[in-house]
Each structure stands twice: as C-alpha cells, then as structure tokens.
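Data first, discussion second: the structure below is written as structure tokens.
2 protein chains.
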Amino acid sequence: MKESSNSLRSNCPVNFGLENFGDKWSLLIIRDIVFWGKKTYGEFLKSDEGISTNILAARLASLEKEGILTKAPHATDKRTDFYMLTEKGFELIPLLVEIVAWSGKLAEWQENSGVGTPEQIRQVKRFAKTQDKRKIIAEIREAVSKNSYFFAPR
Amino acid sequence: MKESSNSLRSNCPVNFGLENFGDKWSLLIIRDIVFWGKKTYGEFLKSDEGISTNILAARLASLEKEGILTKAPHATDKRTDFYMLTEKGFELIPLLVEIVAWSGKLAEWQENSGVGTPEQIRQVKRFAKTQDKRKIIAEIREAVSKNSYFFAPR
DNA sequence: ATATATCACTTGTCTTATGCAAGTGATATT
DNA sequence: AATATCACTTGCATAAGACAAGTGATATAT
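These protein sequence lines map, in sequence, to chains R and L. So for the first sequence, the working numbering puts the first residue at 1416; every next one is plus one. So for the second sequence, the working numbering puts the first residue at 1416; every next one is plus one.
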C-alpha cells in the first residue's frame, strides 16, 4: 500500500488494518504461508496469481517492517531465507478464514471451484458453514506453528 | 480493483474475495454503512480518509455491480440515492469485525486510539478480546438491518 | 419565477503504484 | 571452471489513484 508510512489516512481500526495489509498482494502472501506452507521468495513467486518480482520484494519488505513477517536464514543454503509469521501475523488467520468463508458461500465462486484439491474444497465449504470459527482457527494456528501448513497431509 | 472484470487472477477463495473488495476503499465504504449508518454519496465523501469524488463513484458502481450494494431512491429528494448492503454485503460483517479486532489488539493502534468516541473504543476492545464473535456479528447485523447502525445510541 | 445552492456525479491532468522484461551479485551445483 | 539457481534490483510502459474544476438535475430562498 504505502512504503514509507508515516501519515495514516485516519486511525479508524478498519483503516489501520487496511493500511497494513489492504493491498492487492499482502494477504495472498500470508495465505501462501498459512494454507500452503510456502516460506521462500521463490515459492511465493510461483503462486497462481503471478506477482511481479519487484512487487513481491516490496511487499515482503513492508510486511517485515510492519512486524507481520520475519526472515530467518536457511540452515545450509546461504542464498535463501525463510519467511515466517510473527504473532502479529498469526493474528491475521481469523481474517483469512473469514475471506475464505465469504467466497465459499457464493455461487459465483462455487461454480469455478472445481480446480482445487478435494481437501481444499471440503475445507472451504466447512469454513463457509461454520458459525463459530474458534476450532478452525485453532487448527490452522497449530498447523502453521508446527512449521507445517493447513492444506496438507499432516 | 478492476473495473471490467472478466479474468480472475486465480479462483482461490482468498483471491476471489480480494478481487471483490480488496482495494484501498471498498471496505471503508462498507464500514461507513455498517458502523456509522452512512447511506449517501455525500456522506461517504465526508469520511476522514478523504476519498476522491471519481474514486468514490467508481467504487460504488463496482460494489453495486458485484452485488454487494444496492441503490434505492430517496423518498422526497430526487437527487439522492440511498446505498444499502445486499445479503452478500451483510456477509462481509464478520470480515470487518476481524479487521477491527486485529487492529484493536495492537499497541500501535491503541496509542493513537484516543480520538474515537468512548463507545467506539469500548467496542473495539470488546471485538479484540472476544474469541467467539457470533454475538457481536448478530448485534451488528441486527442494527444495520433495522436501518440503524452500530456505533450509535439505539 | 428567478437566482442560487446542493447533490451526485464526470472530465482532464498529474502523480503514484503496479506490471513486465532484463539485468546483477552471491552462492550452489556439475 | 562453467553453468545454474536464488533473491533480488533497475528501467521503462501501463494502469490506478489524487486533485481541481466542471456539469446537469433538482431543491431551496427571495
């Protein structure tokens, strides 16, 4: 959204959130980490939506600056870093779940949903119909914090 | 985000959501309706964040096209329309609540929070600490569907 | 009834953000 | 030693947003 942030448009909590992650790409990166276990620049780059290299670099830098992500060096390969969620990043899981739930309820999305894996589609439907999301959120958080990810055989 | 949408970047449900409301302004308009009871172009224009006239018109048109908002004529004044949420728009309330909750948890937000009304601040804190959001969502939905709004003496 | 104000926009221009292609430097592999 | 891979950066084209100034329809004031 904005690189050198000093002036917020307002301090409304909705606006505050949007200033942090309300651009076209930030939440897709978080999604890749949470649902697909992606961790590196190269992995994020391969996502279906096709983010540009410069934009990806800019988003990773700003998410790190905002304290949503941290970088850690790869054990053996000095070229690559692992990006992971901070606690502040983990707290975005409920938001992600609600976005998925919103889409999952809509016929428009359902019509084109056939592309995903059966497990993925099953989970989206579950998110959409579950009112109390606490269990879902706890499961996801646990999966991610075990350095695994959610749409996976665990 | 994009005006004449035909090609989605992907059909991931997160991306689907972002293609619908994932720009800098759409959710702020929804917020104005839900939390502040705003209904007209002129009211949206007055919000703290200072949206431009052309952008507001474009967002209202695209939210209407996507079926998130509908327009209804004012009873007496033929110049103005009332914008209101569709059911698809109502379903965005949980998302808004999670954004508020996320911001409300952060010291960064809390430090500058003094500007809001006491009622508003109290509610933000409540959103932030409540795990099961069902009651909150039901209250908001009821307030909005009564053509009222949430941060209000009801 | 006429003049002025208000409302919801549109139009044009400038600036900023994003998209795309082609590098670059450091490390790893063959 | 040569080539490939990884995580970027740089430069330029395009799209989206910000800003200022209209416009047309309706409403209000005189």
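Just so it is clear, CB atoms sit at the ideal spot from N, CA and C, and this is done for glycine as well.
Worksheet item: Along chain R, in chain order, which residues have C-beta atoms closer than 8 angstroms to that of residue 1514/L?
Response: 1428, 1429, 1432, 1433 and 1510
Worksheet item: Looking at C-alpha atoms only, which residue of 1479/R, 1491/R, 1512/R and 1490/R is the closest neighbour of residue 1502/R?
Response: 1479/R
Worksheet item: Are the C-beta of residue 1477/L and some C-beta of chain R separated by less than 7 angstroms?
Response: no
Practice prompt. Note the first and the last residue of the continuous alpha helix (DSSP H) segment covering residue 1490/L.
Written response: That residue, residue 1490/L, is in no alpha helix (DSSP H); it is neither H nor E in DSSP.
Worksheet item: Is it a yes or a no for the segment 1465-1480 of chain L touching the segment 1517-1536 of chain L, going by three-plus beta-carbon pairs under 8 angstroms?
Response: no
Worksheet item: If you measure beta-carbon to beta-carbon, which residues of the segment 1535-1557 of chain L are closer than 7 angstroms to chain R?
Response: 1539, 1546, 1547 and 1549
Practice prompt. Note down, in chain order, every chain L residue with its Cβ under 9 angstroms from the Cβ of residue 1463/R.
Written response: 1424, 1425, 1426, 1427 and 1430
Worksheet entry | Which listed residue (1533/L, 1432/L and 1545/L) has its alpha carbon closest to that of residue 1566/L | 1533/L
Item to complete: With a cut-off of 8 angstroms on the beta carbons, I'd call residue 1515/L and residue 1539/L a contact; round off their distance for me.
Response: 6 angstroms
Worksheet item: Below 8 angstroms, can you find three or more Cβ-Cβ pairs linking the segment 1449-1466 of chain L to the segment 1423-1436 of chain R?
Response: yes
Worksheet item: Applying the criterion that 16 or more other CB atoms from any shown protein chain within 10 Å of the CB defines a buried residue, is residue 1568/L buried or exposed?
Response: Unreliable placement is indicated for residue 1568/L, whose pLDDT of 44 sits below 50; the coordinate value is still reported in the next sentence. Label assigned to residue 1568/L: exposed.
Worksheet item: Are the segment 1504-1524 of chain L and the segment 1534-1553 of chain L in contact at 8 angstroms, needing three or more beta carbon pairs?
Response: yes
Worksheet item: Are the segment 1486-1499 of chain R and the segment 1440-1449 of chain L touching, with three or more C-beta to C-beta distances below 8 angstroms?
Response: no
Discussion item. Classify residue 1519/L: buried if its beta carbon has 16 or more other beta carbons within 10 angstroms, exposed otherwise.
Written reply: buried
Practice prompt. Would you verify that the beta carbon of residue 1446/L is, or is not, closer than 7 angstroms to some beta carbon of chain R?
Written response: yes
Worksheet item: Enumerated in chain order, which unbroken segments of the beta strand (DSSP E) with a length of 3 residues or greater are wholly contained in the segment 1486-1552 of chain L?
Response: 1496-1500
Worksheet entry | For residue 1473/L and residue 1450/R, the rounded distance between their alpha carbons | 33 angstroms
Worksheet item: To the nearest whole angstrom, what separates the beta carbons of residue 1561/R and residue 1497/R, a pair I think is in contact under 8 angstroms?
Response: No, residue 1561/R and residue 1497/R are not in contact; Cβ-Cβ is about 14 angstroms, not under 8 angstroms.
Fill in: Separation of residue 1555/L from residue 1494/L, as counted between CA atoms
29 angstroms
Practice prompt. Would you check if the distance between the CB atom of residue 1524/L and the CB atom of residue 1506/R is smaller than 7 angstroms?
Written response: no
Discussion item. Quick check on residue 1439/L: buried or exposed, where buried means 16 or more other Cβ atoms within 10 Å of its Cβ?
Written reply: buried
Fill in: Cα-Cα separation between residue 1424/L and residue 1522/R, rounded to whole angstroms
18 angstroms
Item to complete: Could you pull out every residue in the same chain whose Cβ sits closer than 6 angstroms to the Cβ of residue 1420/R, ignoring the five residues on either side in sequence?
Response: Below a pLDDT of 50, predicted positions are generally treated as unreliable, and residue 1420/R, at 39, falls in that range; no measurement from the model is reported.
Worksheet entry | Per-residue burial, residue 1469/R [other beta carbons within 10 Å of its own, 16 or more giving buried] | exposed
Fill in: is_contact[residue 1530/L, chain R] using C-beta, thresh 7 angstroms
yes
Worksheet entry | Nearest-angstrom Cβ-Cβ length linking residue 1504/L and residue 1536/L, presumed shorter than 8 angstroms | In fact, because the Cβ distance is near 26 angstroms, the residues do not count as touching under 8 angstroms.
Worksheet item: Do residue 1547/L and residue 1492/R come within 7 angstroms of each other at the CB atom, strictly closer than that value?
Response: no
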